[in-house]
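Okay, so here's the structure we're looking at.
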Amino acid sequence: MDIGSVVNQSLIGMQSARTEITQAAQQVAQVSVSGQPADAVTPLINMKVQQQVFDSSARVLEVADQALGSLLDVKA
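Letter by letter, the sequence shown follows residues 1 to 76 in my numbering.
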């Protein structure tokens, strides 16, 4: 797998997680309107999971950036 595809997959992971977090936040907002706090548990858990997915994807992106920087330093 080359660095370009790693970067691309990291960005896709981050975008997907952001979309899921937004959807979960909307579900929590709907629960606050309906007044059923038990219904908020699943979207809150999903938000936490997606935050971890986002953070992991960001870390992969950071490592790929560092690897690319190291390769460029070796070439120079």
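Note that CB positions come from ideal geometry on N, CA and C, so glycine has one too.
Item                                                                                                                                                      : Value
Touch check for the segment 41 to 57 and the segment 11 to 20: three-plus C-beta pairs under 8 Å?                                                         : yes
So, at 6 Å on beta carbons, what are the nonlocal neighbours of A64 in its own chain, with the 5 sequence-adjacent residues on each side left out?        : I3, V6, V7
Among the residues of its own chain, which have a CB less than 6 Å from the CB of D39, if the five just before and after it don't count?                  : V31
Suppose the cutoff is 6 Å on Cβ atoms and the five residues either side in sequence are ignored; what does the same chain contact list for V60 look like? : S10
Are the CB atoms of A24 and P43 within a distance shorter than 8 Å?                                                                                       : yes
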